[in-house]
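Here's the structure we're looking at; comments come further down.
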Amino acid sequence: MNQGKLLLIGGSAGSLQVILSMLTAVGRGYAMPVVVVLHRNNTFESSLEDLISTRTKVAIKEIEEKEPILPGMVYLCPADYHVLIEQDHTFSLDYSERVNFSRPSIDVTFKSAADVYGAGVVAVVLSGGNADGAEGMQEVKAQGGFTIVQDPGTAEVPYMPQQVLLRMGADLVVPTEELPAVIKGFGRPA
Amino acid sequence: MDTHVIKYEDLELLLGDLCTRYGYDFTEYSRASLHRRVQRLFALDNFSGFAEFRYRLQHDNVYFRRFVEEITVNVTEMLRDPGFYRTLRSTILPVLATYPFIRIWHAGCSTGEEVYSMAILLKEAGLLQKSLLYGTDINPHVIEKARKGIFPVSQMQKYSENYIQSGGLQDFSSYYTANYHLAKFDSSLTGKMIFSTHNLVSDFSFNEFQLILCRNVLIYFERELQAKVFKLFDYSLENFGYLALGSKESLRFSPIAGRYRQVGKEKIWRKINEPG
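Spelled out as structure tokens, the structure:
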């Protein structure tokens, strides 16, 4: 297996607790930058970054446009913007139409990351009630990346991981309680 | 699945063609977003391959217009980020009120929703009569729409909520006449607006303003182009005038930052008279 260069996490309804436990496992000194695309309500806007940083040990920040993507960091997509990745490994923000009723959309970020990081992408789709992420995962796979899906049987809202599995399957289907260990394993220094 | 039919190298060829053939320079636009839009258009219009797409774009003026309309992002809404508009009401408009005549420029206004929002604020502050609002965009199609002031009725509930959150005290529906699924905004608002096409990449300053709004436009530009546009705004802004940006944009890394001071927490900067 290739060494991962970028970890993508896509989550929607029922995914916040899993994300917190995964990021707790990530901690500091993780080998890959982590990008979290979480569907959320505009009104929560700034508190999410604070919540994650108090509940986990990670260095997290909400993405700013043109920001370089650096290892050791966890990046959170801002509410109401799509996040794209440039070829020079910086972020771009985009305020175009919602995709799958969502902005940020998991598909948009995953496809864009697959374009640039190719086989270096490790992508995870978690709980949610929406089909966002399925196309993105397909693109990650097409570019040689590694795909992980939360086992729908253990997800709070199984629909989103199910949609990925229906469309294409995944390299790993992981039950909720195992996700932190698996994610940690991917980020061990080479 | 063939989302990869337009490669990043192909995109560069198209951008070169657009420059030489039509004089439209997109070469300093951020590529990821542009790439996604071009790819989307390519799929939408069912081209068989890149060569056909490129040929059509090179030789068909009408298709070129469609291209510009489709690759530029035209998403906007009225009174988006109500907190921003609340600050305009409470902090900026009282200062503008001291001027005998108020000129405002909405750069990259798309279909004009922000211009109408501003006109409503000015009207409620009793300033609309002495104001002129310029709305410009690179895309002629959206400018035509903006001039008409007709928006989908389906959006009005959301806009009405934004309006109340922005500190509006009137009945929002008093500003438009609904007819089936369309809402036409009052001509007392439209009468104070001037809409025109303007390309931030290549066109010059055309007036001096006390307030320039350019929200969620600069995110599509590379840093060098952002810097150029900031200089254009600086040149077009009176001393002590205001520049308002989108909620994720900043003046911080720009060459003009030294002459500007941020107003509160919103993305509004005031030009101050100190040398940079």
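Protein chains in written order, with the working numbering: chain A, 1086 to 1275; chain B, 8 to 283.
Glycine included, each C-beta is placed from N, C-alpha and C at the ideal position.
Query: Hey, could you find the ends of the alpha helix (DSSP H) N186 of chain B is sitting in?; Result: Element bounds for N186 of chain B: not the alpha helix (DSSP H) but the beta strand (DSSP E), 183-186.
Query: Helix, strand or coil for G283 of chain B? Go by DSSP, reduced to three states.; Result: Confidence in G283 of chain B is poor, its pLDDT being 46 and thus under 50, which makes the residue's placement too unreliable to answer from.
Query: Beta-carbon separation of D67 of chain B and V208 of chain B under 8 Å?; Result: no
Query: Just to confirm, are Q1248 of chain A and A1216 of chain A a CB contact at a threshold of 8 Å?; Result: yes
Query: Quick one: give me the first and last residue of the alpha helix (DSSP H) that E131 of chain B is part of.; Result: 120-131
Query: When the Cα of D1236 of chain A is compared with those of A:Q1223, A:V1225, A:M1222, A:T1261, which residue comes out closest?; Result: A:T1261
Query: On the CB-based measure, 16 or more other CB atoms within 10 Å of its CB, does R28 of chain B come out buried or exposed?; Result: exposed
Query: Nearest to H113 of chain B by CA position, among B:F247, B:G265, B:S212, is which residue?; Result: B:S212
Query: Could you tell me the distance, in whole angstroms, from the CA atom of H205 of chain B to the CA atom of T143 of chain B?; Result: 5 Å
Query: Please decide whether E1134 of chain A counts as near chain B, where near means a Cβ-Cβ distance under 8 Å.; Result: no
Query: Of the residues that make up the region 1163-1188 of chain A, which ones have a beta carbon closer than 7 Å to any beta carbon in chain B?; Result: P1163, Y1166, L1169, I1170, E1171, Q1172, S1177, L1178, D1179, Y1180, S1181, E1182
Query: What does the Cβ neighbour count give for R1273 of chain A, buried or exposed, with the cut at 16 atoms within 10 Å?; Result: exposed
Query: On the three-state DSSP scale, how would you describe Q1228 of chain A?; Result: coil
Query: Taking the alpha carbon of E151 of chain B as the reference point, which residue from B:V224, B:K137, B:E59, B:C116 has its own alpha carbon closest?; Result: B:C116
Query: Going by alpha carbons, who is nearest to G1112 of chain A out of A:F1231, A:V1159, A:R1252?; Result: A:V1159
Query: How would you list, in chain order, the residues of chain B whose beta-carbon sits under 9 Å from the beta-carbon of E1152 of chain A?; Result: The premise fails here: E1152 of chain A is roughly 10 Å from chain B at the closest Cβ pair, so nothing lies under 9 Å.
Query: Mapping the DSSP letters down to three states, classify F228 of chain B as helix, strand or coil.; Result: strand
Query: Do you know whose CA, among B:F247, B:E256, B:S254, lies nearest R266 of chain B's CA?; Result: B:F247
Query: Note down, in chain order, each residue of its chain lying with its Cβ closer than 6 Å to the Cβ of L225 of chain B, except the 5 sequence neighbours on either side.; Result: Q233, E256
Query: Taking only three categories from DSSP, how would you classify M1086 of chain A?; Result: Since pLDDT at M1086 of chain A reaches only 48, below the 50 mark, its modelled position is unreliable, and the value read off the structure follows with that caveat. Reduced to three states, the DSSP call for M1086 of chain A is coil.
Query: Run through DSSP, which three-state label would M8 of chain B get?; Result: Reliability of the predicted coordinates at M8 of chain B is poor, the pLDDT of 42 falling under 50, and the value obtained from them is presented with this limitation in mind. In the structure shown, M8 of chain B sits in coil (DSSP, three-state: anything other than H, G, I, E or B).
Query: So, are the CB atoms of V1225 of chain A and F1195 of chain A less than 8 Å apart?; Result: yes
Query: Once you ignore the five residues that flank R230 of chain B on each side, which residues in its own chain have a CB closer than 8 Å to its CB?; Result: F260
Query: Considering only the beta carbon of each residue, do A251 of chain B and L218 of chain B sit closer than 8 Å?; Result: yes
Query: Applying the 10 Å Cβ sphere with the 16-neighbour rule, what's the burial state of P1118 of chain A?; Result: buried
Query: Quick check on V1193 of chain A: does DSSP put it in helix, strand or coil?; Result: helix
Query: If the cut is a Cβ gap below 9 Å, which residues of chain A does Y166 of chain B touch?; Result: By Cβ distance, chain A contributes nothing, its closest Cβ being about 15 Å from Y166 of chain B, past 9 Å.
Query: Just confirm the distance between the C-beta atoms of E1134 of chain A and I1145 of chain A, as a whole number of angstroms; I'd bet it's less than 8 Å.; Result: 6 Å
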